[in-house]
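Some notes on the structure that comes next.
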């Protein structure tokens with residue numbers, strides 16, 4: 001690499017898909033942050049005389065069937081989406097990376113058991129896991145976050161193990177072992193820092209699918225419960241008003257699509273930016 | 283060689299199904315403590331609780347109950363649903379008449395659209411058509427399928443009135459339905475299911491085709507005078523199919539669960555709606571058997587994908603079996 005090669009942040013700013021993705025994701029994050037300190041109306045405030053109102057200066061996006069302000073619900077609803085993304089990806093990442101690194105560090109039967117366990121856990125996709133947990137513990141945001149997180153564990157475990165095995169085969173790991181470093185230290189000092197970029201990309205993309213999964217669960221009434229607003233449940237309520245107020249079915253869907261599109265674009269961009277080899281091959 | 287590979291995969295399939303059944307049993311039968319209590323709620327009288335416990339066979343030991351459940355599943359003699367008082371096998375078989383055609387239709391739409399768009403984009407690499415397909419597929423992957431389903435209802439049922447907003451007339455003409463009306467009722471749901479999948483599959487098809495097109499044998503085929511089109515379909519596609527089939531397998535499994543949501547948008551009496559209603563009814567018997575069926579479907583599809591690999595590329599089999 002020549003001395004004139006642009007730095008990481010400069011390359012980020014020049015990468016169109018990363019830039020668009022970061023802007024869209026930033027917008028959603030900003031909405032959630034803003035909703036913590038300010039909202040145009042209290043999101044759960046019911047105002048029956050003003051129900052299904054058209055957009056106006058008072059209600060920017062109009063009101064729903066109970067007269068609640070749609071803009072306020074959208075703004076506050078972003079919190080549930082982000083919370084689910086953070087918790088579900090956090091669970092999947094923490095447990096999956098631990099299992100994957102253990103498999104790569106120990107090899108032998110430990111690796112075999114962990115990998116066979118991930119093979120069979122793909123039989124339980126996020127939605128199915130959520131249904132099972134909901135049947136026992138009842139619907140709720142916590143149940144759906146845990147369910148989505150549990151379903152992500154095998155995917156993170158597989159990716160971690162694959163990437164970690166490649167690092168374990170490198171010469172500098174051999175050197176570290178010869179120098180007397182234990183598996184645990186090698187994993188922390190050499191393996192994890194070197195596979196971080198793969199995990200960051202995967203986490204970004206999974207964040208988006210977690211938002212989709214939470215929206216689907218809330219739409220079914222299995223996720224976020226009232227009065228807490230969520231985009232999925234707004235769509236469920238909007239569907240009953242399709243004939244009177246079709247516009248209500250548009251905003252939450254656009255919000256979900258913007259959030260997921262932003263995360264996907266950012267993930268794709270990060271993949272190029274963090275893996276220069278891949279970017280050159282294109 | 284091939285039979286050894288088949289045997290090995292078959293054993294894995296059986297083992298995976300066995301583990302999955304143990305997990306379903308443990309989570310839905312043992313974890314809740316007393317299933318009868320979960321079903322009846324906190325305010326149940328001791329008498330009704332005892333009656334349901336007897337009906338569910340909760341007085342037996344866990345291994346006996348597990349053996350009873352699995353042998354029943356294998357013989358097709360399942361326990362009765364608590365809400366409907368019908369054997370779950372009968373309920374599920376009825377609902378599969380909706381879900382299975384729906385999933386197949388969605389998969390057919392996905393395959394046709396994705397292969398066409400993916401190959402088109404690859405053939406027009408870095409030109410306007412390619413950029414358009416790639417941008418469209420990014421948006422397709424970000425749209426929740428149930429929202430797309432609602433939009434389809436909004437356009438085709440509410441505005442244009444070409445379709446009804448939901449429901450299913452049934453396959454039999456003497457019950458007011460028939461193949462025509464039934465297929466029509468499944469058309470919009472299948473489209474809604476296909477969009478995200480097609481977007482993803484088109485991207486994978488495109489990159490797989492682009493990768494194969496860089497290979498030497500493609501240049502040779504072109505050099506010996508074959509047309510671009512002939513090379514693309516005869517030589518490139520066969521070699522590009524492996525990653526495409528892999529994703530299709532994963533997607534079919536994904537369809538099974540996405541159908542749960544989309545069936546609810548269109549109020550279709552399929553397996554997805556059955557399991558959703560079973561949760562509202564706290565019908566743990568139906569939840570258990572339906573979840574087992576869906577999990578088994580996912581495992582079975584992955585097994586079939588592995589077999590299809592070998593059919594596409596026989597080189598893969600001996601390496602696996604060795």
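Protein chains in written order, with this note's numbering: chain V, 1 to 282; chain R, 283 to 604.
All residues carry an ideal CB built from backbone N, CA and C; glycine is no exception.
Contact with chain R by residue 219(V), beta-carbon distance below 7 angstroms: In terms of beta-carbon proximity, residue 219(V) lines the interface with chain R, with at least one pair separated by less than 7 angstroms.
Chain V within 7 angstroms of residue 440(R), Cβ atoms only: At a cut-off of 7 angstroms between beta-carbon atoms, residue 440(R) makes contact with chain V.
Minimum Cβ-Cβ distance from residue 138(V) to chain R less than 7 angstroms: Chain R, which has no Cβ nearer than 7 angstroms to the Cβ of residue 138(V), makes this no.
Where residue 479(R) meets chain V, residues with beta-carbon distance less than 9 angstroms: Under the 9 angstroms cutoff, chain V gives no residues; its nearest Cβ is about 13 angstroms from residue 479(R).
Which listed residue (370(R), 595(R), 396(R)) has its alpha carbon closest to that of residue 484(R): The candidate whose alpha carbon is nearest that of residue 484(R) is 396(R).
Proximity test, Cβ basis, 7 angstroms: residue 8(V) and chain R: It does not; no Cβ of chain R falls within 7 angstroms.
Proximal residues to residue 2(V) (C-beta, below 8 angstroms), its chain only, five neighbours per side dropped: Confidence at residue 2(V) is low in this model, with a pLDDT of 46, below 50, so its placement is unreliable and no value can be given for it.
Which of helix, strand or coil DSSP assigns to residue 281(V): Confidence at residue 281(V) is low in this model, with a pLDDT of 43, below 50, so the placement of that residue should be treated as unreliable; the coordinate-derived value is given next. Residue state, collapsed to three classes: helix.
Beta-carbon contacts of residue 377(R) that lie in its chain and below 7 angstroms, excluding the five residues immediately before and after: Around residue 377(R): 551, 552, 553, 556.
Residue 268(V) in three-state terms, based on DSSP: If DSSP states are grouped into helix, strand and coil, residue 268(V) belongs with the helices.
Length of the line joining the Cα atoms of residue 205(V) and residue 337(R): Between residue 205(V) and residue 337(R), the C-alpha separation is close to 46 angstroms.
Chain R contacts made by the stretch 98 to 121 of chain V, where a contact means CB separation under 9 angstroms: Close to chain R, meaning a Cβ-Cβ distance shorter than 9 angstroms, are the following residues of the stretch 98 to 121 of chain V: 116, 117, 119, 120, 121.
Within 7 angstroms, strictly: CB atoms of residue 478(R) and residue 427(R): For residue 478(R) and residue 427(R), yes; Cβs fall inside 7 angstroms.
Segment limits, alpha helix (DSSP H) that includes residue 148(V): Residues 141 to 168.
For residue 369(R), the residue or residues it bridges with in DSSP: Answer is 362(R).
Residue 208(V), buried or exposed, once every other Cβ within 10 Å from all chains shown has been counted against 16: With 16 or more other Cβ atoms inside 10 Å of its own Cβ, residue 208(V) counts as buried.
According to DSSP, residues forming a beta bridge with residue 63(V): Partner residues in the beta bridge of residue 63(V), as assigned by DSSP, are 69(V).
Test item: CB-CB of residue 268(V) and residue 25(V) under 7 angstroms: The answer is no: Cβ separation not under 7 angstroms.
Rounded distance between the beta-carbons of residue 130(V) and residue 144(V), thought under 8 angstroms: Separation of the CB atoms of residue 144(V) and residue 130(V) is rounded to 5 angstroms, and the pair is thereby assigned contact status at 8 angstroms.
Within chain R, the residues that residue 134(V) reaches when beta carbons sit closer than 7 angstroms: By Cβ distance, chain R contributes 561.
Where residue 216(V) meets chain R, residues with beta-carbon distance less than 7 angstroms: In chain order: 426, 428, 543.
Contact under 7 angstroms by Cβ, residue 62(V) with residue 70(V): Contact: yes.
is_contact[residue 298(R), chain V] using C-beta, thresh 7 angstroms: Chain V, which has a Cβ nearer than 7 angstroms to the Cβ of residue 298(R), makes this yes.
Proximity below 7 angstroms, CB of residue 398(R) to CB of residue 412(R): Going by C-beta atoms, residue 398(R) is not nearer than 7 angstroms to residue 412(R).
Residue 226(V) versus residue 98(V): straight-line alpha-carbon distance, rounded: It is roughly 35 angstroms from the alpha-carbon of residue 226(V) to the alpha-carbon of residue 98(V).
Where residue 452(R) sits in the DSSP three-state scheme: In the structure shown, the three-state DSSP call for residue 452(R) is coil.
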